[in-house]
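Each remark here refers to the structure printed beneath this line.
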Amino acid sequence: MAAVRARGIQPVPDGLAAVSTVKLEAALKKVSRQAAQYEHHMKDLESQLAESLSNFRAIDGLLQEAFAGLRRNAQRADQALSKQVSHITEELDSSMDSLTLLAEDLPIIQGQVADIRAAYDSGRNKAQSLLQDLTWLNTDFYERWRLIIFTSSSPVSWRWRALMRLLFAISFAIFVWLTWITVWGGYRAHRGGQIWGERLMS
């Protein structure tokens, strides 16, 4: 105390020293808590930064792989383009030449197809006509006679059909006339017999 007083410093009372120590300890505890919080935050930030860095490295690796793939594909496309364009051009020229030849040959082919179709149609018509003739020849006489007279589907000329119908009409008229004469003669004979019988009885 004497040394303190000799230096001109007022001695601190014991009560005030105790109060200052308590405040200092409280301040130190507060600062320690804040430092611990800051340290915790720093550790969180460090872990997030490490995770982000690892993600960035992974993304960077994927981007590099994708860029390398794109470069390889571009090189392959350039090679294919340089090699295939000439081949495609040659194929196109060959196809154009073939189309030109086909365009020149098409009218000839169409004419040949028309001739073949005409020959086929003619042969088919002849075959159908022959089949109708054979069917007509295999038909009975009575059936042919009936078809000629009463229908128009018989395969004969109109002159022959007209002649047959005329003969049928004449025959039918003669038959009707003879039938009429027979019936009328019988009727008269029957009537004359009745009259003669009545005369004999009288």
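The opening residue of the sequence shown carries number 0 in numbering that gives the first Met the number 0; numbering runs sequentially from there. Each residue gets a CB set at the ideal place from its N, CA and C atoms; glycine is no exception. Note that the structure is a prediction, hence the values are computed from the model and not measured.
CA-CA distance, residue i and residue j?
i: S201; j: G185; result: Any reading at S201 needs caution, since the residue's pLDDT is 47, under 50, leaving its predicted position unreliable; the model's value is listed next. Each residue's Cα considered, the two are about 24 Å apart.
i: A2; j: S19; result: At A2, the pLDDT of 41 sits below 50, so the modelled position is not reliable; the number obtained from the coordinates is stated separately. One C-alpha to the other measures close to 22 Å.
i: A65; j: H86; result: 31 Å
i: P154; j: Q131; result: 8 Å
i: I148; j: T181; result: 27 Å
i: D96; j: Q74; result: 33 Å
i: S94; j: Q78; result: 24 Å
i: E50; j: D43; result: 10 Å
i: L23; j: V30; result: 10 Å
i: S170; j: D114; result: 52 Å
i: V21; j: I58; result: 54 Å
i: Y119; j: L105; result: 21 Å
i: T178; j: A188; result: 15 Å
i: R70; j: V84; result: 21 Å
i: A26; j: L61; result: 51 Å
i: M163; j: W183; result: 30 Å
i: A126; j: E89; result: 52 Å
i: D92; j: L100; result: 12 Å
i: A168; j: V175; result: 10 Å
i: K28; j: L48; result: 29 Å
i: H39; j: S53; result: 21 Å
i: W135; j: I173; result: 29 Å
i: S81; j: I107; result: 41 Å
i: E103; j: G110; result: 13 Å
DSSP state of residue i, grouped into three classes?
i: N137; result: coil
i: V155; result: coil
i: T181; result: helix
i: T150; result: coil
**OP:** Quick one: which unbroken beta strand (DSSP E) runs of 3-plus residues sit fully inside the region 34 to 104? Chain order, please.
**Re:** If you keep only unbroken beta strand (DSSP E) runs of at least 3 residues inside the region 34 to 104, you get nothing at all.
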